[in-house]
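Following: one structure in structure tokens, then a few remarks.
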């Protein structure tokens with residue numbers, strides 16, 4: 080299937096899978112993955128961007144993505160962007176992201192969106208803590 084069609088398929092999958100989810104600001108979660116997708120420079124970055132949370136936050140699996148026709152290259156990047164458990168240390172997660180150049184580019188876009196304080200109606204101490212963590216990871220991935 081052409082890359083353009085795979086992107087359309089990825090958008091459809093993400094829209095359906097995230098339809099009942101909301102972000103920390105109470106906005107539909109699909110907005111986040113669409114912004115990460117839009118920040119992508121290549122079709123691969125866009126596909127991985129829109130699907131980057133699909134396994135972690137929904138009932139989708141890596142096998143199911145492959146069955147839908149997504150290449151190993153795409154699925155491997157999504158695998159690197161998926162936390163293995165709630166208890167996985169964030170540092171270990173970022174180290175895994177660093178092993179895959181496509182995952183790095185998408186994670187940078189993800190972090191940029193997560194750090195956009197315009198999305199917050201108010202910023203709590205917990206938000207500040209999370210923003211510091213994201214900033215540290217962003218710096219690590221971009222230097």
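In the numbering used here, the protein residues as written are 80 to 222. Note that beta-carbon positions come from the ideal geometry of N, C-alpha and C, so glycine has one too.
Item checked: residue 114 beta carbon less than 8 Å from that of residue 192 -> yes
Notebook entry, point to check: With respect to the alpha helix (DSSP H) encompassing residue 141, which residues constitute its N-terminal and C-terminal limits?
Noted result: 141 to 146
Next item on the list: Return the first residue and the last residue of the alpha helix (DSSP H) that residue 172 is part of.
Entry: 169 to 176
Check: Measuring CB to CB, does residue 97 end up less than 8 Å from residue 123?
Finding: no
Next item on the list: Inspect the beta-carbon positions of residue 90 and residue 129 and report whether they are closer than 8 Å.
Entry: yes
Note to self: For residue 187 and residue 220, which I take to be in contact (beta-carbon distance under 8 Å), what is that distance rounded to the nearest angstrom?
What the structure shows: 5 Å
Note to self: Looking at chain B, is there any beta carbon in it that lies within less than 8 Å of the beta carbon of residue 101?
What the structure shows: Chain labels in this structure do not include chain B; a single protein chain is all it has.
Checklist line | Counted within 10 angstroms of its Cβ, other Cβ atoms place residue 189 as buried (16 or more) or exposed | finding: buried
Notebook entry, point to check: Going by other Cβ atoms of all chains shown within 10 Å of its Cβ, with 16 needed for buried, is residue 119 buried or exposed?
Noted result: buried
Note to self: Here's a check: name, in chain order, each residue in its chain whose Cβ is nearer than 8 Å to the Cβ of residue 162, leaving out the five neighbours to either side.
What the structure shows: 135, 172
Item checked: Candidates 121, 216, 132, 86: closest to residue 101 by CA position -> 132
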